[in-house]
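Per this note's numbering, the sequence shown starts with residue -2, numbered consecutively.
Shown next, in structure tokens, is the structure this report addresses.
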Amino acid sequence: MLDSVRSFVKNAVFDAFPGVLRHGSPTTKRVALTFDDGPDPMTERCLDLLDELGVPATFFLIGGRIANHSDVVRNYLRRGHQVAGHGFDHKRFSKLGRRDLLAQCARTNDALGGQLNGRPWVRPPHGALDATSLVNLVAAGYTVAMWSLDSYDYSTTDPAQIIERCAGITAGEVVLFHEGQEWTLEALPRIVANIHAAGLECVTMHDLFAS
Ligand SMILES: [Zn+2]
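Now the structure itself:
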């Protein structure tokens, strides 16, 4: 109960804070699938699957995994996806001082080769964001990209449970998944089919919020 009150208050704060994106307009008929923690050895399979399903996604990449691997970053982009930062070493932003935080984000952004429209996007590892790190990021010009629907694919290995979690998806939602997990890939075809059956279209998070 306390947890749900906390997340309600947190979401209310995020929704009211300029520079934080969490839920797109409910009138768009669009949703965004997002994947954290890549790249990893399963990335190619994930991208192949998304190609097959014909949907774009947004990938929040760990800077340390893409530094000096611009070919990997280009592969996501070439296939129509959005890439953005997810910290350099996946440390909690709330544990980093201002200088470390901004250095991590800058290094990751460099490794990404810059991002769409100049203003870089970042998603905090573990979703861990306190008031100080939030203010520091936004003041430094970052857009903080959260999510509205957690698939909880990190707390189960059962694709059916992930499908169930995503069954109530509504227009404008941003769904959180993780790369590198067999069960997430297994769940995706059904999740995308359910989204299409609900009359919704998958777009990148950038496009969801640009509309
Ligand atoms: Zn992560």
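No residue lacks a Cβ here, since even glycine has one placed at the ideal position from N, Cα and C.
Here DSSP, grouped into helix, strand and coil, assigns W118 to strand. Residue environment for E41: exposed (fewer than 16 other C-beta atoms within 10 angstroms of its C-beta). Considering only N72, D127 and I59, the residue with the shortest C-alpha distance to Q101 is I59. The beta carbons of P53 and T181 sit no closer together than 8 Å. I63 and P23 do not touch by the CB rule: their CB atoms are close to 34 Å apart, not below 8 Å. Residue state for R71 is assigned as helix, using DSSP reduced to three classes. Counted as a single uninterrupted DSSP element, the alpha helix (DSSP H) harbouring Q158 occupies residues P156 to C163. By DSSP's assignment, F14 forms no beta bridge with any residue.
When the Cα atoms are used, V171 and A194 turn out to be separated by approximately 17 Å. One residue after another in chain order, those with a Cβ under 6 Å from a heavy atom of ligand 1 are D33, D34, H83, H87 and P122. Scanning R116, A136 and P121 for the CA closest to the CA of H83 turns up P121. Listed in chain order, the alpha helix (DSSP H) elements of length 4 or more contained wholly in the stretch 64 to 109 are 67 to 75 and 95 to 109.
DSSP places A125 outside any beta strand (DSSP E), giving it a letter other than H or E. Across the structure, G124 and M143 are spaced so that their CA atoms are roughly 7 Å apart. Non-local C-beta neighbours of D127 in its own chain, meaning closer than 6 Å and more than five positions away in sequence, comprise S91, ordered along the chain.
CA-to-CA, the gap between P117 and K26 works out to about 25 Å.
A direct Cα-Cα distance of roughly 14 Å separates R19 from S148. Here the C-alpha atom of K88 lies approximately 10 Å from the C-alpha atom of D97. The Cβ neighbour count for G111, taken over all protein chains shown within 10 Å, is under 16; the residue is labelled exposed. Residue pairing from DSSP places D147 in a beta bridge opposite L173. Here T201 carries a coil assignment [DSSP, helix/strand/coil].
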